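**Q**
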Amino acid sequence: SSRRGSRPPARSRPPPSNPSPAMSSAIGAFANIAHKFVTWPQLSTQGFCNVIKIGTFCRTVVWPCVPPLLMYQYIRGVDEDVYATEVLYYKSGSKDTKAFYDTGRIGISGHWRLQQDLEVIRAAANPE
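Structure, rendered in structure tokens:
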């Protein structure tokens, strides 16, 4: 007899099989090759010096260039978004700038698309 709301018996699963020796050997060989790839520059004195030279180059030339490039990309992205909002505002013929970007809101929540999304969330969270 079955009771209402009771679960059917769980199916028994076969025990997990152990990996084959060939698979374990392949994983071990891969780990060994990966370790050799990472440590090969230290095999000789010249290789060790090359690691130091590359590290010094990265620290003095490459790394100082990264933050300005990231800032440049951020400014370009923001500029593109603001330009698109200005074009939309201009082509709409509206005189209400707050409908497109409300500077009184915190952070980027003043953007017209975020205002629309926040209104949809508010309406769903507070049904009338």
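In terms of my numbering, the sequence shown opens at residue 11 and continues consecutively.
Glycine is no exception: its CB is placed at the ideal position from the N, C-alpha and C atoms.
If you're wondering where the values come from, they're calculated on a predicted model, not measured in any experiment.
Given that a residue counts as buried once 16 or more other Cβ atoms are within 10 Å of its Cβ, and exposed if not, what is Tyr111?
**A** Here residue 111 is taken as the residue at index 101 of the sequence shown, counted from 1. It is buried - the Cβ of Tyr111 has at least 16 other Cβ atoms within 10 Å.
**Q** Alpha carbon to alpha carbon, what distance is there between Arg123 and Thr49?
**A** Residue 49 sits at position 39 when you count from the first residue of the sequence shown. Residue 123 sits at position 113 when you count from the first residue of the sequence shown. Approximately 51 Å, taken between the alpha carbons.
**Q** Kindly indicate the opening and closing residues of the alpha helix (DSSP H) around Pro78.
**A** The sequence position of residue 78 within the sequence shown is 68, counting from 1. Start and end: Trp73 to Ser102.
**Q** Could you pull the DSSP bridge partners for His9 from this structure?
**A** Residue coverage of the chain in this structure runs from 11 to 138, which leaves residue 9 outside it and unanswerable.
**Q** By the DSSP assignment, the alpha helix (DSSP H) with Leu128 in it spans what residues?
**A** Mapped onto the sequence shown, residue 128 falls at position 118. Element bounds for Leu128: Trp122 to Ala135.
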